[in-house]
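Visitor: Residue numbers (our numbering): 258 to 558. Think of the CB as a built atom: it goes at the ideal place given N, C-alpha and C, for glycine as much as any other residue. Since the model is a prediction, treat every value here as computed from it, not as a measurement.
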């Protein structure tokens, strides 16, 4: 296990830091000039003090944070990532108080491998955007190659001198003409331009990216990895995560809404909508809504 336990600061600890013995220009509510331009909510302070007591989270090989938007799922992942200094591809929207909040959190760790990291929705979207941008440029080069073929055929098609090869340049022109005539347009174009970076759907690209980032014997934080994945691909990801946790020494901490990911074998689920208490996946509110829909329409399946 790479992470065993996370203790978030209590209401009293947060209040003392913000307004008590550690008073400073950022957090003193009487210091209007000092507060100018600063997030007055002190995020991520106050996010978890809505609970009756500060959450004390014990981690399993697969730990899942479930809850509605704004419940703190991504915040918890970012707190863990910052506390552990994990590698991340994309920056996150931090605040002047984020590092201070992390310092108040207590975390019990094992030995962390260099392969450990956080993978966010932004990382996946950036990968999809990059793939589209590169393929757009390659498609442009495909068009140029097609234009060149049409130009070659038009210029050389009726040239009686074409077969009178007098040197390397004549041979080069003849070979280009021969290729343009004998090859299909697609073969001619693809020989002269790169193939598209990935001829896959967004879901295939997203799943491939996540899999490429998974290292053996490491801690992986996944922030809503179901984004851009169809249910079929989510089911594939579920199996991949289960196998990596069971056979390849990986530990996962996941923020998700996905019923498929929530139902992973031997996962520990924390319900952030209900005092951050452990829950069975089939007891969660969203799962019950899905279940009632299917049960009411079971005659249609």
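Can you tell me which of 553, 513 and 556 puts its alpha carbon nearest to the alpha carbon of residue 541?
Guide: By one-based count along the chain shown, residue 541 stands at place 284. The residue with the shortest Cα to Cα distance from residue 541 is 513.
Visitor: If you draw a straight line from the C-alpha of residue 396 to the C-alpha of residue 519, how long is it?
Guide: Taking the first residue of the chain shown as 1, we reach residue 396 at position 139. Taking the first residue of the chain shown as 1, we reach residue 519 at position 262. Note on residue 396: pLDDT 46, under 50, position unreliable in the model; the coordinate value appears next. For residue 396 and residue 519, the distance between alpha carbons rounds to 40 Å.
Visitor: Which of the three DSSP states is assigned to residue 392 in this structure?
Guide: Taking the chain shown and counting its residues from 1, one reaches residue 392 at position 135. Only weak support exists for where residue 392 lies, its pLDDT of 49 falling under 50; the value from the coordinates is given anyway. Helix, per DSSP.
Visitor: Quick check on DSSP: helix, strand or coil for residue 356?
Guide: In the chain shown, residue 356 corresponds to position 99, counting from 1. Three-state DSSP puts residue 356 in a helix.
Visitor: Nearest by alpha-carbon distance to residue 314: which of 351, 266 and 357 is it?
Guide: Residue 314 sits at position 57 when you count from the first residue of the chain shown. Residue 314 has its Cα closest to that of 266, out of 351, 266 and 357.
Visitor: Assuming residue 358 and residue 301 form a contact by the criterion Cβ under 8 Å, report the distance between their Cβ atoms to the nearest whole angstrom.
Guide: Position 101 of the chain shown holds residue 358. Position 44 of the chain shown holds residue 301. Indeed, because the Cβ distance is near 5 Å, the residues count as touching under 8 Å.
Visitor: Report the residue ranges of all alpha helix (DSSP H) runs contained in full by the region 457-512; include only those spanning at least 4 residues, in chain order.
Guide: Complete alpha helix (DSSP H) runs here, min 4: 459-470 and 488-504.
Visitor: For the region 299-329, list the beta strand (DSSP E) runs that are entirely contained and at least 3 residues long, ordered along the chain.
Guide: Entirely contained in the region 299-329, the beta strand (DSSP E) runs reaching 3 residues are, in chain order, 313-315 and 319-323.
Visitor: Who are residue 365's beta bridge partners in DSSP?
Guide: If you number the chain shown from 1, residue 365 lands on position 108. According to DSSP, which records beta bridges pairwise, residue 365 is partnered with 262.
Visitor: In terms of residue numbering, what span does the alpha helix (DSSP H) encompassing residue 551 cover?
Guide: Indexing the chain shown from 1 puts residue 551 at position 294. 542-553 is the span of the alpha helix (DSSP H), which, as asked, contains residue 551.
Visitor: On the three-state DSSP scale, how would you describe residue 341?
Guide: For the purposes of this step, residue 341 is taken as residue 84 along the chain shown, with counting starting at 1. Three-state result, residue 341: helix.
Visitor: Hey, residue 378 and residue 481: beta-carbon distance below 7 Å or not?
Guide: Indexing the chain shown from 1 puts residue 378 at position 121. Indexing the chain shown from 1 puts residue 481 at position 224. Contact flag set, yes.
Visitor: Could you tell me which of 539, 464 and 276 sits nearest to residue 299, measuring between CA atoms?
Guide: Along the chain shown, read from residue 1 onward, the residue named residue 299 stands at position 42. It is 276 whose Cα lies nearest to the Cα of residue 299.
Visitor: What are the boundary residues of the alpha helix (DSSP H) that includes residue 270?
Guide: Taking the first residue of the chain shown as 1, we reach residue 270 at position 13. It spans 268-276 - the alpha helix (DSSP H) in which residue 270 sits, taken as one unbroken run.
Visitor: According to DSSP, simplified to helix, strand and coil, what is residue 382?
Guide: Sequence index remark: in the chain shown, residue 382 carries index 125 (1-based). In this structure, residue 382 counts as helix in the three-state DSSP scheme.
Visitor: Tell me the DSSP bridge mates of residue 526?
Guide: Indexing the chain shown from 1 puts residue 526 at position 269. 321 and 536.
Visitor: Using a threshold of 7 Å, state whether the C-beta atoms of residue 343 and residue 374 are closer than that.
Guide: Here residue 343 is taken as the residue at index 86 of the chain shown, counted from 1. Here residue 374 is taken as the residue at index 117 of the chain shown, counted from 1. The answer is yes: Cβ separation under 7 Å.
Visitor: Using three-state DSSP, classify residue 372 as helix, strand or coil.
Guide: As a working mapping, residue 372 is identified with position 115 in the chain shown. Coil, per DSSP.
Visitor: Applying the 10 Å Cβ sphere with the 16-neighbour rule, what's the burial state of residue 502?
Guide: Along the chain shown, read from residue 1 onward, the residue named residue 502 stands at position 245. Label assigned to residue 502: buried.
Visitor: For residue 356, which option in 464, 339, 491 and 348 has the closest C-alpha, if you only look at C-alpha atoms?
Guide: By 1-based counting over the chain shown, the position of residue 356 is 99. Ranking 464, 339, 491 and 348 by Cα distance to residue 356 puts 339 first.
Visitor: Classify residue 327: buried if its beta carbon has 16 or more other beta carbons within 10 angstroms, exposed otherwise.
Guide: Walking along the chain shown from the start, residue 327 turns up at place 70. Burial call: exposed.
Visitor: Leaving aside the five residues before and after residue 546 along the sequence, list all residues of the same chain whose C-beta is less than 6 Å from its C-beta, in chain order.
Guide: Counting from one through the chain shown, the residue named residue 546 turns up at place 289. Result list for residue 546: empty, nothing under 6 Å.
Visitor: Counting C-beta neighbours from all protein chains within 10 Å, is the total for residue 271 16 or more, i.e. buried, or is it exposed?
Guide: Counting from 1 along the chain shown, the entry for residue 271 is found at position 14. With 16 or more other Cβ atoms within 10 Å, it is buried.
Visitor: Taking the alpha-carbon positions, what's the residue 381 to residue 466 distance?
Guide: As a working note, residue 381 is residue 124 in the chain shown. As a working note, residue 466 is residue 209 in the chain shown. Taking the straight line from one Cα to the other gives about 7 Å.
Visitor: Helix, strand or coil for residue 516 per DSSP?
Guide: Stepping through the chain shown from its first residue, residue 516 is reached at position 259. DSSP places residue 516 in helix when its eight states are reduced to three.
Visitor: Out of 361, 353 and 330, which one is the CA nearest neighbour of residue 274?
Guide: Position 17 of the chain shown, counted from the start, is the residue given in the question as residue 274. Ranking 361, 353 and 330 by Cα distance to residue 274 puts 361 first.
Visitor: In three-state DSSP terms, what is residue 347?
Guide: Taking the chain shown and counting its residues from 1, one reaches residue 347 at position 90. Reduced to three states, the DSSP call for residue 347 is coil.
Visitor: DSSP three-state label for residue 377, please.
Guide: Within the chain shown, numbered from 1, the residue matching residue 377 stands at position 120. Here residue 377 sits in coil by DSSP.
Visitor: Is it right to say residue 505 is buried, meaning 16 or more other beta carbons lie within 10 angstroms of its own, or is it exposed?
Guide: Taking the chain shown and counting its residues from 1, one reaches residue 505 at position 248. So residue 505 ends up on the exposed side.
Visitor: Report yes if the C-beta distance between residue 260 and residue 322 is below 7 Å; otherwise report no.
Guide: By one-based count along the chain shown, residue 260 stands at place 3. By one-based count along the chain shown, residue 322 stands at place 65. The answer is no: Cβ separation not under 7 Å.
Visitor: Leaving out five residues on either side along the sequence, give the residues of the same chain with a beta carbon under 8 Å from the beta carbon of residue 303.
Guide: Walking along the chain shown from the start, residue 303 turns up at place 46. 271, listed in sequence order.
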